[in-house]
Amino acid sequence: MAGLLSISEPTAVNDKADDINGFVPATSVHSAKTAADLATDATQNQARFSVQKRSRAEIAALFDLPFMDLLLQAQSIHRENFTANEVQISTLLSIKTGNCPEDCGYCSQSGHHRDKTQLQAEKRLAVDKVLAAAKRAKASGSSRFCMGAAWKHPSHKDMPYVIELIKEVKALGLETCMTLGMLDSDQASQLADAGLDYYNHNLDTSRSYYDQVVTTRSYDDRLETIDHVRNSGIHVCSGNIVGMGESRDDRIDWVHELLKMPKAPESIPVNLLVPIKGTPLGDKVLSEGELPVLEWIRTIAVTRICCPKSYVRLSAGRESLSDSEQALAFMAGANSFFYGDKLLTTGNASQANDNRLMQELGLTAQIAAPRAPKVVTVLDAASGQRSEVLLTE
Numbered sequence: 014m015a016g017l018l019s020i021s022e023p024t025a026v027n028d029k030a031d032d033i034n035g036f037v038p039a040t041s042v043h044s045a046k047t048a049a050d051l052a053t054d055a056t057q058n059q060a061r062f063s064v065q066k067r068s069r070a071e072i073a074a075l076f077d078l079p080f081m082d083l084l085l086q087a088q089s090i091h092r093e094n095f096t097a098n099e100v101q102i103s104t105l106l107s108i109k110t111g112n113c114p115e116d117c118g119y120c121s122q123s124g125h126h127r128d129k130t131q132l133q134a135e136k137r138l139a140v141d142k143v144l145a146a147a148k149r150a151k152a153s154g155s156s157r158f159c160m161g162a163a164w165k166h167p168s169h170k171d172m173p174y175v176i177e178l179i180k181e182v183k184a185l186g187l188e189t190c191m192t193l194g195m196l197d198s199d200q201a202s203q204l205a206d207a208g209l210d211y212y213n214h215n216l217d218t219s220r221s222y223y224d225q226v227v228t229t230r231s232y233d234d235r236l237e238t239i240d241h242v243r244n245s246g247i248h249v250c251s252g253n254i255v256g257m258g259e260s261r262d263d264r265i266d267w268v269h270e271l272l273k274m275p276k277a278p279e280s281i282p283v284n285l286l287v288p289i290k291g292t293p294l295g296d297k298v299l300s301e302g303e304l305p306v307l308e309w310i311r312t313i314a315v316t317r318i319c320c321p322k323s324y325v326r327l328s329a330g331r332e333s334l335s336d337s338e339q340a341l342a343f344m345a346g347a348n349s350f351f352y353g354d355k356l357l358t359t360g361n362a363s364q365a366n367d368n369r370l371m372q373e374l375g376l377t378a379q380i381a382a383p384r385a386p387k388v389v390t391v392l393d394a395a396s397g398q399r400s401e402v403l404l405t406e
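Take the sequence shown: its letters are residues 14 to 406, numbered as in my numbering.
Structure representation (structure tokens):
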């Protein structure tokens, strides 16, 4: 982070049992390199930090580190795996709002809470309206366009609609992400064939706290959908929401759950609950008090250390942060965030303010790199007949 902190080059990882996965205290760092020295493109370096499964005890020890030591380790690991001072920017659009059959206690879109939240449900957005929003997102600097629908799962009649959206948005040169609820293996394959880059399906919290958040689907239901997405070849986007009344133990367990997966999600949103009046968890937090911002940033840093090759995303809750707090979040290893004034139904930081802050921090936007669809439509010039062709890798 230009101008924020001059950090030294970490020494080689040793094998001592009391070192937490290669963390070297600042007092033992001897090389006097500057932040500019560490800003070398990570693709030109061989990572010195081993990617390994951490035990729950090791994750807990990371949470207990002095805050500045934790941030130093997180930023050092971040720079080993990503280009320093580069952030991935996304825009999120609700393509179908409200009347969701799930009872997620944080969500105003749940049909279970609509009498209290008074959220007006909306039908599916027309394709042309979605594409207009995608074009605006690209013009503003976003590289990824995310589309969310308030469904328990997409129905058979919904699939042609979402597949068309994927193909049309990708044709604009944007990466695509969708969050549509649960998927079966066939639906995941259809989305993969259309070329979907990311599918978002958050775990939300730990397994033990999960029934305090939602009861209409199980933790294993969520893991099953994530498995279908991963097996189809789509990148997994799966994170959490902190500040829902859970304990630090729950946050530790959530990170540990990520590491128990065959592969950590390629994108990990670490949300801070935006308490919405009329939702069970929103009312609980408004009554009992919100999670301190530094604990959220601590969770981001631990996530970065444990999942060094994943994008760690600042999502809901960012609109409440000061410039200094956002700078700390980026120092903690966050390297992805949402542009735009709204995240589905909640507010977001203004784009103008984001542009100003990026300039002050010396951050640059990552360029989109959408993957090609597996199935493309081919037009026979002689007969005029259209056919679907499966591309080989």
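Positions of the beta carbon are idealized from the N, C-alpha and C atoms, including for glycine.
Do you know how far the Cα of residue j is from the Cα of residue i?
i	j	result
E188	A146	14 Å
I289	R399	48 Å
T228	A205	29 Å
R243	K148	28 Å
P293	S103	29 Å
L105	K151	12 Å
M191	Y212	5 Å
V315	S156	26 Å
S199	L85	With the sequence shown as reference, residue 199 is identified as Asp, and Ser is not the correct amino acid for it. Roughly 43 Å between the two C-alpha positions.
I380	N348	13 Å
E350	S328	The sequence given here has Phe at residue 350, not Glu. Each residue's Cα considered, the two are about 6 Å apart.
M81	F343	13 Å
D233	R369	42 Å
L304	R137	34 Å
D240	G186	27 Å
K142	Q203	23 Å
E135	I247	28 Å
A416	T238	Because residue 416 is not part of the residues shown, which for the chain are 14 to 406, the question remains open.
Can you tell me where the alpha helix (DSSP H) with residue i in it begins and where it stops?
i	result
S153	140-153
Y222	Unbroken run through Y222: none, as it is neither H nor E.
V183	Checking the displayed sequence, the identity of residue 183 turns out to be Lys instead of Val. 172-184 is the extent of the alpha helix (DSSP H) around K183.
E270	261-272
I72	69-76
Q339	336-344
Can you look up residue i in the DSSP assignment and give me helix, strand or coil?
i	result
Y10	The chain is shown from 14 up to 406; residue 10 falls before or after that span and cannot be answered.
H214	coil
P95	Per the sequence shown, residue 95 should be read as Phe rather than Pro. Coil.
K109	strand
L304	coil
A378	strand
S245	helix
S251	coil
V227	coil
S349	strand
C320	coil
I313	helix
T104	strand
R137	coil
R235	helix
R384	coil
Q398	coil
Return the first residue and the last residue of the beta strand (DSSP E) that residue i is part of.
i	result
T189	188-192
S198	Taken as a continuous stretch (DSSP letters only), S198 belongs to no beta strand (DSSP E), being part of the alpha helix (DSSP H) at 198-207.
V283	280-285
R157	157-162
Go through its chain and collect everything with a Cβ distance to residue i's Cβ below 8 Å, but skip five positions before and after it.
i	result
M371	V100, T377, A378
K165	C113, P114, E115, G194, M195, T229, R230
Short of 7 Å in beta carbon distance, which residues of its chain neighbour residue i, apart from the five on each side in sequence? Order them along the chain.
i	result
K297	G258
R317	A87, I90, H91, V325, A345, G346
K170	none
H269	R69, I72
R235	H214, L216
R384	G208, D210
F76	R261, I265, R311, V315
Please return the same chain residues whose Cβ sits closer than 6 Å to the Cβ of residue i, not counting the five positions on each side in sequence.
i	result
D54	Because the pLDDT of D54 is 41, which lies under 50, any placement of that residue in the model is unreliable, and the question is left without a value.
S219	D263, D266, W267
P38	With a pLDDT of only 39 at P38, under 50, the local geometry of the prediction cannot be trusted, and the value read off the model is given with reservation. Hits under 6 Å: none found.
K180	A207
V182	A147, F158, T189
L341	I310
L144	E181
P282	G252, R326, S328
Indicate, with yes or no, if the ligand GDP has a heavy atom lying under 8 Å from the CB of residue i.
i	result
F158	In the structure shown, the ligand GDP is absent, as is every other ligand, since no ligand is present at all.
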